[in-house]
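>
Rendered as structure tokens:
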């Protein structure tokens, strides 16, 4: 796929995303989209392309950090519930409650009992959300071993991308097969008819982004809400008694470019 074709298709999909956003707001819909997958699989890039043309007051990203000591004592889903959308909102979860079935399971951050309870509870939790009228979409970004290594190497040697890789990512790389097993078990328990997993083949970042956006548009039936016609009013009359301060009294950013 050439850059020209990619940008043209992305521009078309961006227009459709704006239409979807207007429909979500007009109809008071609540949309939650979960992004899970391997490290360096391209989740963040896809999320960035989705949010790029949208109003952050309508579509926002939830990317929770490590739970606090207080949050560790709460019902597991509690801190994620606080991030769920209200009417007229769409929330993109950059990782979600499925941390328990992935990193927490593999790294030993939860007990066996907590893990088993999550596998039992997650389908019921999601069915409850859907019954309440929420639209829930779950994506798993899949990347090959070879492509992940290539992206890790790029991040390690590019200072502008170094922040994307952490000691946890490196340890996860060492436990590749443990994560594969955990993902298979997670799918076996939570890939249900009411709330299925949709797998995005992500070895090609550009194709993955376009495929994901196109699919997301198909998961939320929407219509084009014609925006109100706007007219730019003339500038108000000048105040003859107002005198602007001289330009040399202000601090300007140096014009270096």
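Numbering (UniProt numbering), first residue to last: 1 to 257.
Glycine included, every Cβ here is placed at the ideal spot set by N, Cα and C.
Nothing here was measured: the structure is a model prediction, and the numbers come from that model.
1. If you count every other CB in all the chains shown that lies within 10 Å of the CB of residue 209, and 16 or more means buried, which is it?
2. Tell me, to the nearest whole angstrom, how far the beta carbon of residue 212 is from that of residue 46; I am working on the premise that it is less than 8 Å.
3. Please state the DSSP three-state secondary structure of residue 107.
4. Taking the beta carbon of residue 22 as the centre, do at least 16 other beta carbons fall within 10 Å, making it buried, or is it exposed?
5. Report the option in 222, 249, 43 and 241 whose CA atom is closest to the CA atom of residue 148.
6. Assign residue 143 to one of two classes, buried (16 or more other C-beta atoms within 10 Å of its C-beta) or exposed (fewer than that).
7. Counting Cβ pairs, one atom from each stretch, are 3 or more of them under 8 Å apart for the segment 72–91 and the segment 171–188?
8. If you count every other CB in all the chains shown that lies within 10 Å of the CB of residue 128, and 16 or more means buried, which is it?
9. Could you give the first and the last residue of the continuous beta strand (DSSP E) run that contains residue 48?
10. With a cut-off of 8 Å, do at least 3 Cβ pairs link the segment 130–143 to the segment 102–117?
11. If you pair each beta-carbon of the segment 85–93 with each one of the segment 157–169, do three or more pairs fall below 8 Å?
12. Which residues mark the beginning and the end of the beta strand (DSSP E) in which residue 70 is found?
13. Enumerate, from N- to C-terminal direction, the unbroken alpha helix (DSSP H) stretches of 4 or more residues contained entirely within the segment 176–248.
14. Under 8 Å: do the segment 56–76 and the segment 215–230 share three or more Cβ pairs, one atom per stretch?
15. Using a 10 Å radius around the Cβ and a threshold of 16 neighbouring Cβ atoms, would you call residue 190 buried or exposed?
16. To which residues of the same chain is residue 9 closer than 7 Å at the C-beta, ignoring the five residues directly before and after it?
A quick look at the data gives this:
1. Indexing the chain shown from 1 puts residue 209 at position 209. Counting Cβ neighbours within 10 Å, residue 209 comes out buried, since at least 16 surround it.
2. As a working note, residue 212 is residue 212 in the chain shown. As a working note, residue 46 is residue 46 in the chain shown. Confirmed, about 5 Å.
3. On the chain shown, position 107 is the one that residue 107 refers to. Of the three classes helix, strand and coil, the one that applies to residue 107 here is helix, per DSSP.
4. Residue mapping note: residue 22 aligns to position 22 of the chain shown, counting from 1. Label assigned to residue 22: buried.
5. Within the chain shown, the letter at position 148 stands for residue 148. That would be 43, whose Cα lies nearest to the Cα of residue 148.
6. Here the question's residue 143 lines up with position 143 in the chain shown. Buried, because 16 or more other Cβ atoms sit within 10 Å of the Cβ of residue 143.
7. no
8. Here residue 128 refers to the residue found at position 128 of the chain shown. Residue 128 is exposed by the Cβ-count criterion.
9. Position 48 of the chain shown, counted from the first residue, corresponds to residue 48. It is not in any beta strand (DSSP E) - residue 48 instead sits in the alpha helix (DSSP H) that spans 43–51.
10. no
11. no
12. Taking the chain shown and counting its residues from 1, the one referred to as residue 70 is at position 70. No beta strand (DSSP E) contains residue 70, which is instead part of the alpha helix (DSSP H) from 69–72.
13. 176–190 and 205–219
14. no
15. The sequence position of residue 190 within the chain shown is 190, counting from 1. Buried is the call here.
16. By one-based count along the chain shown, residue 9 stands at place 9. For residue 9, where only same-chain residues beyond five positions count, the Cβ hits under 7 Å are 210.
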